[in-house]
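**Q** Just dropping this structure here.
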């Protein structure tokens, strides 16, 4: 818990602004029943609080944005404080919400990126400086930027907390925005596909024959993924595209489709690792989660798998390996096959309906048999739809189905 020195707030030129901020401080500490003198002699401890001070023309003004349980995006009488008129010559800095202008803007805890529209008015043409303090009260993964729409400047307040600029009385009030976001998290994920697995790693016949498309292939049913992942060339040692899906849940059993929060198309490499579009970088995700992170891996003709436990962070990277044991996938032996010391996704679901049955043959494989290329019926991913796909992959898995929770 970080400290907000009360006396630093009192050092303002406008008593009206001071009163507005005092209203907030009293509201968030009502249980303590402290007097004004107590506040003056003590520090008030508040996390996730940003204090912005503007100086110029011989005056100062200050505004507060914070995230706290119980607050809403509207006006909260328990937490927010109206922006009161100050000295005309002094700069005025405040948050703008639908009903009013605020000196103190309390918002609910962040669950996604947040943009706060600011208001800024001045009484004289001169140079002004905005200073950001208490940035350390936020989690290190939270980024905070100030956007100046007149000068078209984006300032990273954590690395550069002081911003100087020129302003005039005729400038638009909605000049500034404060942007709160989350630094991307990295995922190191490993999984094998049964079809191309050769006992050591996975064959890369599709890459060798130039059959893998440059654009991600999951933009059709049943995935209907709208991502725009596109490459100029397929990375060496790539087996195929996969779709990585992130779910926010308290347990694997409750990580159903409704808990999905984001998806990314990526490349499955021959060693089982899933990598970004360059074939070497880790898959990144935004990191906004209320509960725990569970991951689903989809492939166009193998049954999907879900992590059986939450994906955990270590050393700044989230890591999970489906291949190390039968219990790594939700559903256990019903979700993955033993490939001989390692486990992998079951092949043969050529129509991608979540079940391996005769319709995979009659609706897909029968129509593609004898063809070559990037085919749904090519269960072993060798670039051809032939008897090997049916006899070596589909036959052994007939009757199997997706174990993803409904």
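In our numbering, the protein residues as written are 522 to 927.
Every residue gets a Cβ at the ideal spot worked out from N, C-alpha and C, and that includes glycine.
In this text the structure is predicted, and so the values were computed from the model without any measurement.
1) Since residue 790 sits in a beta bridge, which residues does DSSP pair it with?
2) Sort out for me which residues DSSP pairs residue 698 with in a bridge.
3) Pull up the distance between the alpha-carbon of residue 640 and that of residue 618, whole angstroms please.
4) On the three-pair Cβ rule with 8 Å, is the stretch 621-630 touching the stretch 602-612?
5) Compute the Euclidean distance between the alpha carbons of residue 898 and residue 737, then round it to the nearest angstrom.
6) For residue 688, report the span of its beta strand (DSSP E) as first-last.
7) So which of 689, 839 and 825 has the shortest CA-CA distance to residue 643?
8) Pick out whichever of 581, 664, 733 and 811 has its Cα sitting closest to the Cα of residue 652.
9) Does the beta-carbon distance from residue 925 to residue 867 come in below 8 Å?
10) Assign residue 818 to buried or exposed, taking buried as 16 or more other Cβ atoms, counted over all protein chains shown, within 10 Å of its Cβ.
11) Taking residue 620 as the reference, which of 635, 614, 597 and 636 has the closest Cα?
12) Please state if the CB of residue 635 and the CB of residue 701 are separated by a distance shorter than 8 Å.
13) With DSSP as the reference, please indicate the residues paired to residue 827 in a beta bridge.
14) By Cβ distance below 8 Å, which residues in the same chain neighbour residue 782 in space, the five residues on each side in sequence not counted?
15) How far does the alpha helix (DSSP H) with residue 726 in it extend, from its first residue to its last?
16) Would the C-beta of residue 577 count as close to the ligand PLP, meaning under 7 Å from any of its heavy atoms?
17) For residue 855 and residue 788, what's the separation of their Cα atoms in angstroms?
**A** The structure says:
1) The residue given as residue 790 occupies position 269 in the chain shown. According to DSSP, which records beta bridges pairwise, residue 790 is partnered with 759.
2) The residue given as residue 698 occupies position 177 in the chain shown. Under DSSP, the beta-bridge partners assigned to residue 698 are 638 and 668.
3) Here residue 640 is taken as the residue at index 119 of the chain shown, counted from 1. Here residue 618 is taken as the residue at index 97 of the chain shown, counted from 1. Roughly 10 Å separates the two Cα atoms.
4) Output reads yes: the stretch 602-612 touches the stretch 621-630.
5) By one-based count along the chain shown, residue 898 stands at place 377. By one-based count along the chain shown, residue 737 stands at place 216. When only Cα atoms are considered, residue 898 and residue 737 end up about 18 Å apart.
6) Counted from its first residue, the chain shown places residue 688 at position 167. First-last of the beta strand (DSSP E) with residue 688: 683-688.
7) For the purposes of this step, residue 643 is identified with residue 122 of the chain shown, where counting begins at 1. Closest by alpha carbon: 689.
8) Taking the first residue of the chain shown as position 1, residue 652 is located at position 131. Nearest C-alpha to residue 652 among 581, 664, 733 and 811: 581.
9) Within the chain shown, numbered from 1, the residue matching residue 925 stands at position 404. Within the chain shown, numbered from 1, the residue matching residue 867 stands at position 346. Between residue 925 and residue 867, the gap from beta carbon to beta carbon reaches 8 Å or more.
10) Counted from its first residue, the chain shown places residue 818 at position 297. Buried, since its Cβ has 16 or more Cβ neighbours within 10 Å.
11) Reading the chain shown from its first residue, position 99 is the one you call residue 620. For residue 620, the closest alpha carbon among the candidates 635, 614, 597 and 636 is that of 597.
12) What you label residue 701 is simply residue 180 of the chain shown in a count that begins at 1. What you label residue 635 is simply residue 114 of the chain shown in a count that begins at 1. In contact: residue 701 and residue 635 (Cβ atoms closer than 8 Å).
13) Within the chain shown, the letter at position 306 stands for residue 827. According to DSSP, which records beta bridges pairwise, residue 827 is partnered with 817.
14) Here residue 782 refers to the residue found at position 261 of the chain shown. Same-chain partners within the cutoff: 767, 768, 769, 809 and 810.
15) Here residue 726 is taken as the residue at index 205 of the chain shown, counted from 1. Start and end: 726-729.
16) Among the components of this structure there are no ligands whatsoever, and the ligand PLP is therefore not found.
17) For the purposes of this step, residue 855 is identified with residue 334 of the chain shown, where counting begins at 1. For the purposes of this step, residue 788 is identified with residue 267 of the chain shown, where counting begins at 1. If you take the alpha carbons of residue 855 and residue 788, they lie about 25 Å apart.
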